[in-house]
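Enquirer:
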Amino acid sequence: MRRLILILTVMAIALAGCASDRRSDSMTETLNRYGSVVRWGDARSALSFVDPKVLEANPPSSMEMSRWAQVRVSGYDEGVGPMPGDNPNEVRQVVQINLINNNTQAERSVVDHQVWRYDPEKHKWWLMSGIPNIAPPQ
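In the numbering used here, the protein residues as written are 23 to 160.
Dropping the structure here:
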C-alpha cells in the first residue's frame with residue numbers, strides 16, 4: 023500500500039511538472055507570436071491575442087486602429103522578458119516599441135506594459151492589457 027501511495031505521489035508530481043512545462047512553453051510561443059505580429063504592425067491580428075472579455079469591454083476605436091496604418095514598427099524590445107505577475111497564472115512584460123511615422127519619417131518610442139493571463143481550461147494565454155496605445159504624446 024505504501025508503495026502504491028509513493029508511486030501515485032511521484033506520478034502526480036511528474037504530471038504537475040508536465041503541465042507547468044506546457045504552460046511555460048505555451049507562454050513563450052504566445053509572446054513570440056504576439057511580438058512578431060506587432061513587429062509587422064498588424065494591429066488587427068494583435069487583437070486576436072486580447073482576452074475576449076477585455077476586448078468586448080474596451081474595443082479599440084477606429085481612430086486607434088487607423089494610427090497603426092500611419093506607422094511602421096522599427097523595433098520591438100522585450101527587455102528582460104516576462105516576469106511573474108500577481109498570481110501564478112499571470113505574467114507581466116514591459117516592451118519598448120519603436121515607430122516611424124510614414125508621412126514625416128519621424129521615429130518615436132512607446133512603452134507597452136503588458137499583462138498576460140493563462141486560462142487553464144483553454145490552455146491559452148490572453149493579453150489583458152490590450153494592444154498598445156500608440157497615440158502621439160500631447
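Idealized CB from N, CA, C, for every residue including glycine.
At what residue ranges does the stretch 81-116 contain a whole run of the beta strand (DSSP E), taking only runs of 3 or more?
Expert: Counting only runs of 3 or more residues that sit fully inside the stretch 81-116, the beta strand (DSSP E) segments are 93-99, in chain order.
Enquirer: Does the distance between the C-beta of Ala65 and the nearest non-hydrogen atom of the ligand HEM fall short of 7 Å?
Expert: Among the components modelled here there is no ligand, and therefore nothing to report on the ligand HEM.
Enquirer: Our contact map puts Ser131 next to Gln118 with C-beta atoms below 8 Å; I'd like the distance itself, whole angstroms only.
Expert: 5 Å
Enquirer: Can you tell me which of the three DSSP states Glu129 falls into?
Expert: In this structure, Glu129 counts as strand in the three-state DSSP scheme.
Enquirer: Does DSSP put Lys75 in a helix, in a strand, or in coil?
Expert: helix
Enquirer: With C-beta atoms as the reference, is Ser151 less than 8 Å away from Gln136?
Expert: yes
Enquirer: Below 8 Å CB to CB, which residues in the same chain sit around Val93 once its five sequence neighbours on both sides are set aside?
Expert: Cβ contact annotation for Val93 (same chain, cutoff 8 Å, sequence separation greater than five): Gly63, Leu121, Ile122, Asn123, Asn124, Ile156, in chain order.
Enquirer: Going by DSSP, what residues sit across from Ile122 in a beta bridge?
Expert: Arg94, Glu129
Enquirer: Assign Asp64 to one of three DSSP states: helix, strand, or coil.
Expert: coil
Enquirer: State yes or no: is the C-beta of Val113 within less than 8 Å of the C-beta of Met49?
Expert: The answer is yes: Cβ separation under 8 Å.
Enquirer: Please list the terminal residues of the continuous beta strand (DSSP E) segment that includes Lys146.
Expert: 146-149
Enquirer: Can you give the Cα-Cα distance for Leu69 and Asn109, rounded to whole angstroms?
Expert: 24 Å
Enquirer: Expressed to the nearest angstrom, what Euclidean distance is found between the alpha-carbon atoms of Ser84 and Gln160?
Expert: Looking at the two C-alpha atoms, the distance is approximately 19 Å.
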